[in-house]
Structures are given as C-alpha cells and as structure tokens.
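Protein chains in written order, with my numbering: chain A, 1 to 92; chain B, 93 to 486.
Notes for the one structure printed next.
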Amino acid sequence: MPTVEMTGHLYRFFPALEDRVIRVDADSVAEVLRAVNQLAPGFTDYVLDEHGALRKHVSLSINDRILVDRKTLSDRVPDDGTVYIFQALSGG
Amino acid sequence: MPDLLLLGTRKGTVIVDRAGGVWRPRPIAHEGIPVCYAARDPRDGMLWASLDHGHWGPKLSRSRDSGATWQDLASVKYPAGARYIKKYLPTPDFDPEAPVGAPEYGDATVYKIWHIAFGSPRQPGRLYAGTIPGGLFVSDDGGDSWNLNRPLWNHESRGGDLFAGDATSENRWHGTPASIDYGVFEPGIHSIIVDPRDPDHLHVAVSTAGVIETTDGGKTWAGRNQGMTNDYMPDPESEWGHDPHFVTACTGQPDHLWQQNHCGVFYSDDGARHWKKVSQPEAGVHFGFPIAVDAQDGRKAWVVPARADSERMAIDGGLFVAQTIDGGQSWRALRNGLPQDNAYDIVLRHGLDVSGDYLCFGSTTGNVYLSEDGGESWRCLGNNFPPVYSVRFG
C-alpha cells in the first residue's frame, strides 16, 4: 500500500492526519487522494480545484517523479511508493 | 454604537473590541492566511471571513461565537460546465491591434471570494459571494451550500449561455489587475448591494465591466452605467468596460448609490439609472478605492483620496478623508489626527467603513485610523497591522 507524506501546513486544517503513517489502498494518484479524503473529509478541497485538477500552487510527486497528469491524476503509484504533497511558498 | 471592528489583513483576521470606550485588538485569527474580506452578519451575529489561500484555494470561514472559534467551510465551487471566454494577461508582447480570433473558453475555477453580502432579514440564511472570475454565488442555508447565479454568469455581456454551447454575443467583461496574482486576467465581483426595501433588488459591481442590477431576484440583469465615463477607453461612454472600485448604497435611502472609480467619484440619486461625476480634482477628490455612505442621509459620503492611478498613494504625503454632505457638490478634507508628512498609504476598496458617527479605515501600510465624530478627528488604532484589505464594523 502506498504511503502518503505531506507538508505540515496541511495538518493545521486536518490535524487527524498528523503524527501517523498514512498508507492507503490505491493504484493511482486520484485514488490516493480519494482515500486520504476518506480519512480526512474535505482534504481534496484543499489540493484539488472544482474540476478535480491539482491546484496551481500545489506540487505532488510519486517518489522522486513529479506528477505528470495534473488534470485527472491518472499517474500510477507503485504499491511500495510514496506520494509527497507539498506547496511552493514565497514572498512575505 | 458599534463595539466591534473586523479587519481582513494579509496575515489573518483582526477583531477589535470596544469596551469602556477603548478599542483593543485581539490576537490575530486565521494566522498567516490572507483574509481579503471579513464582516459580521447583522441578522444573526455570525462573523465571516474570506480566506485567500494562495495554495489551498479560497475558503469561507465563519464564527458562531463572535470570533472565539472559526470553522472553515467547503469550497465554493463552479458547477460542471461553467465556462468563460478567456481574457489574456496584458503582457508586454500582447498586441491590442491583432485581429480578433475565435473566443477561447476556460473552465471556471474560483480564484478569490472577493465580497460577502448578507440577505434581507426576510430571507434568513441568504448570503451572497462575489468571485474572481466574476461569479455571483448564492446560499440559502447560511453558507453550507452555494449555487452560481446563472443568469448573470450567462449574461449576454459575457457571451451568453456557455453551458449550452459557444458564445452568442461578445464578451464585454474585461479582467481586473487584481486577478493577475492568480496568473489570469479575469473579472471580479467586489460589491454586492441588497436593497433593504426589496430582497429581489440587487446591484453588483464588477471590475472590469460596471454596475449591474436585478429587480427580480437574479432572474434577469441589466447594466446600469449611464453617465459613467471611462477616460481611458476609446469610447468613454461605452456601456461596458467600467472599473468601479467599490459601489455602496445608503441603507435609509437605497436609491442613493455611490462609487469610487478609476476615473472619479460618481453618485446616483435614482437607483443607478443615471450616474453623475462628482469628483473635485482640485481638492484631491478623484482617484481612490473605497467609499462609504451615511446610513440615513444618502447625500453624505466619505472617500480616502489617492494620487492618480499611476502612483496610488496619499497625496503629497498627507493622508486625508474627504467628506461631502451635499451629494458631491462640495467636498471637505478631514485631516485632524491623520499624518500629514511622509504618509504614503493606500486604502483598498473594502478598507473604509462607517457606522453612525464612527468611521474607520486601514491601509496596506498597516495603519488603522478611527474617528468617533464623523471624520472630524481621527486617532490611530495601530501602525503595525499587516497590510489591511478590509475594514467593517460589526
């Protein structure tokens, strides 16, 4: 089952995800995010827009490979892989 | 007499309480999150804040306990099939003389919830939210769910019903520079006015399109820009393409509307059917963003003038509020207590409010000033707030 790691900023809105290993039964990035949303309802609202696409300033990688399909999140996730969710912060 | 102030700032929501004649800010809420608008619903006391998350999408947040705790709501979303005709970022290589090609369509995404307005007491639970890219959303359950007002979204001034197919008319709505932060050049609804006499009667204002009115609860909409002039357009009296910075109306005399605009201050005493330019450039009253009108006397209004479009800061380093009591025929500068040297503040469109004799404004320099005598004298509530986006009495 893939593992999910994410920026600590998201724990502020979803404290239930903090201090735990997140492993989900999923084959694609879309399925991974749906599964995380089951654990923390509302989670996908933060990382996806109303069309289900990854929000513009959110980055996601599968192991060390940046997500290719930002629109439908069809990238495959290996069973022993890790999905990383992070964001670009800049300015003041 | 108000006893609460809400500041929407670059770094969160600041609530300022008045107790024993002293205004005291609480520790900031929504720490670190830009809040572009915050206000109190006078019907039920609920506090609202529009969170302008750069990464996680815009969210509304509400507090049922006067700011002790807040709950973020599910995102306001465009329905599937909501499209708009794209405008192009005004980049240096943009050629305005290039032949107009076929319209390019984009799927609508909420970039910013720019304004929140509260419905009539006769419509409990009714709320309005105005967005970039130019959607008016309506809730009838206190904000739990939201629906796009389709007649305005599908208005012929935007190209018609793009849910149904391709454009059937020209898109006359232009982008607002306020959208460039999101990497787009799309319009935004920043002013929503509900007529206290008739909950089906609304005015909304759009940057950059103008003022639009409905008298049937949002089923049909019509532009109300007659008398507006737009100095920088090829046709200054064009029906569309106006950039009202903020539009407001007198609660007690709702046919008295005011707007501060790129090209002057405009006033209407006939429900926006006709606008009249009431700027007084020689007195510095011309360019600016916010405007406030007295709740009882529709001829009485205040602006915070700034130096010209190209500079956008206090005029000659002296910050002042200008007041008219005669429908804009004359203006008086109110400076007592405001800095008159080396002040370069700019006050944004939602950054000024009035409640009885109380006036307050906040600037992007983080200065907040309050008057308790209609603007005759001012005192500073603080110089070190984050950049202030909105000021509303509770």
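By construction, the Cβ of each residue, glycine as well, lies at the ideal position given by its N, Cα and C atoms.
None of the values given here were measured: they were computed from a predicted structure.
Nearest-angstrom Cα separation, counted from residue j out to residue i
{"i": "residue 239 of chain B", "j": "residue 5 of chain A", "result": "34 Å"}
{"i": "residue 323 of chain B", "j": "residue 35 of chain A", "result": "54 Å"}
{"i": "residue 437 of chain B", "j": "residue 427 of chain B", "result": "14 Å"}
{"i": "residue 348 of chain B", "j": "residue 388 of chain B", "result": "10 Å"}
{"i": "residue 357 of chain B", "j": "residue 272 of chain B", "result": "25 Å"}
{"i": "residue 372 of chain B", "j": "residue 149 of chain B", "result": "41 Å"}
{"i": "residue 220 of chain B", "j": "residue 289 of chain B", "result": "17 Å"}
{"i": "residue 174 of chain B", "j": "residue 285 of chain B", "result": "24 Å"}
{"i": "residue 167 of chain B", "j": "residue 235 of chain B", "result": "10 Å"}
{"i": "residue 82 of chain A", "j": "residue 433 of chain B", "result": "58 Å"}
{"i": "residue 325 of chain B", "j": "residue 143 of chain B", "result": "33 Å"}
{"i": "residue 32 of chain A", "j": "residue 11 of chain A", "result": "17 Å"}
{"i": "residue 245 of chain B", "j": "residue 364 of chain B", "result": "21 Å"}
{"i": "residue 360 of chain B", "j": "residue 367 of chain B", "result": "5 Å"}
{"i": "residue 463 of chain B", "j": "residue 375 of chain B", "result": "21 Å"}
{"i": "residue 317 of chain B", "j": "residue 301 of chain B", "result": "9 Å"}
{"i": "residue 415 of chain B", "j": "residue 133 of chain B", "result": "27 Å"}
{"i": "residue 406 of chain B", "j": "residue 382 of chain B", "result": "13 Å"}
{"i": "residue 451 of chain B", "j": "residue 200 of chain B", "result": "37 Å"}
{"i": "residue 147 of chain B", "j": "residue 69 of chain A", "result": "18 Å"}
C-beta atoms of residue i and residue j nearer than 9 Å
{"i": "residue 439 of chain B", "j": "residue 396 of chain B", "result": "yes"}
{"i": "residue 72 of chain A", "j": "residue 52 of chain A", "result": "yes"}
{"i": "residue 280 of chain B", "j": "residue 204 of chain B", "result": "yes"}
{"i": "residue 385 of chain B", "j": "residue 99 of chain B", "result": "no"}
{"i": "residue 19 of chain A", "j": "residue 1 of chain A", "result": "no"}
{"i": "residue 202 of chain B", "j": "residue 224 of chain B", "result": "yes"}
{"i": "residue 295 of chain B", "j": "residue 303 of chain B", "result": "yes"}
{"i": "residue 28 of chain A", "j": "residue 65 of chain A", "result": "no"}
{"i": "residue 162 of chain B", "j": "residue 121 of chain B", "result": "yes"}
{"i": "residue 276 of chain B", "j": "residue 181 of chain B", "result": "yes"}
{"i": "residue 117 of chain B", "j": "residue 485 of chain B", "result": "no"}
{"i": "residue 260 of chain B", "j": "residue 248 of chain B", "result": "yes"}
{"i": "residue 394 of chain B", "j": "residue 443 of chain B", "result": "no"}
{"i": "residue 441 of chain B", "j": "residue 352 of chain B", "result": "yes"}
{"i": "residue 3 of chain A", "j": "residue 23 of chain A", "result": "yes"}
{"i": "residue 268 of chain B", "j": "residue 237 of chain B", "result": "no"}
{"i": "residue 461 of chain B", "j": "residue 411 of chain B", "result": "yes"}
Per-residue DSSP class, three states only, for residue i
{"i": "residue 115 of chain B", "result": "strand"}
{"i": "residue 47 of chain A", "result": "helix"}
{"i": "residue 418 of chain B", "result": "coil"}
{"i": "residue 239 of chain B", "result": "strand"}
{"i": "residue 168 of chain B", "result": "coil"}
{"i": "residue 451 of chain B", "result": "strand"}
{"i": "residue 93 of chain A", "result": "Residue 93 of chain A falls outside the range modelled here, since chain A spans only 1 to 92, and no answer is possible."}
{"i": "residue 476 of chain B", "result": "coil"}
{"i": "residue 352 of chain B", "result": "strand"}
{"i": "residue 336 of chain B", "result": "strand"}
{"i": "residue 370 of chain B", "result": "coil"}
{"i": "residue 318 of chain B", "result": "coil"}
{"i": "residue 330 of chain B", "result": "coil"}
{"i": "residue 274 of chain B", "result": "helix"}
{"i": "residue 305 of chain B", "result": "strand"}
{"i": "residue 29 of chain A", "result": "helix"}
{"i": "residue 17 of chain A", "result": "helix"}
{"i": "residue 163 of chain B", "result": "strand"}
Residues near residue i in its chain [Cβ-Cβ closer than 6 Å; skip 5 each side]
{"i": "residue 102 of chain B", "result": "126, 478, 479"}
{"i": "residue 475 of chain B", "result": "459"}
{"i": "residue 297 of chain B", "result": "283, 303, 336, 339"}
Neighbourhood of residue i by C-beta, 7 Å cutoff - its chain only, sequence neighbours within 5 removed
{"i": "residue 55 of chain A", "result": "47, 48, 49"}
{"i": "residue 232 of chain B", "result": "217, 218"}
{"i": "residue 401 of chain B", "result": "354, 379"}
{"i": "residue 362 of chain B", "result": "347"}
{"i": "residue 131 of chain B", "result": "98, 140, 208, 484"}
Residues of its chain near residue i, where Cβ-Cβ distance is below 8 Å and the 5 sequence neighbours each way are ignored
{"i": "residue 312 of chain B", "result": "243, 306"}
{"i": "residue 291 of chain B", "result": "211, 212, 214, 215, 218, 309"}
Chain-ordered chain C contacts of residue i [CB-CB under 7 Å]
{"i": "residue 173 of chain B", "result": "Considering every chain present, this structure includes no chain C. Its protein chains are A and B."}
Report task. Could I get the ranges of all uninterrupted beta strand (DSSP E) runs contained in the stretch 379-428 of chain B, with 3 residues as the minimum, in chain order? Result -> 383-385, 393-395, 413-416, 424-426
Query - Completely contained beta strand (DSSP E) runs for the stretch 216-262 of chain B, where each covers 3 or more residues - result: 219-224, 228-231
Query raised in the report: Taking the runs of the beta strand (DSSP E) that are 3 residues or longer, which of them lie wholly in the stretch 49-89 of chain A?
Result: 58-62, 82-87
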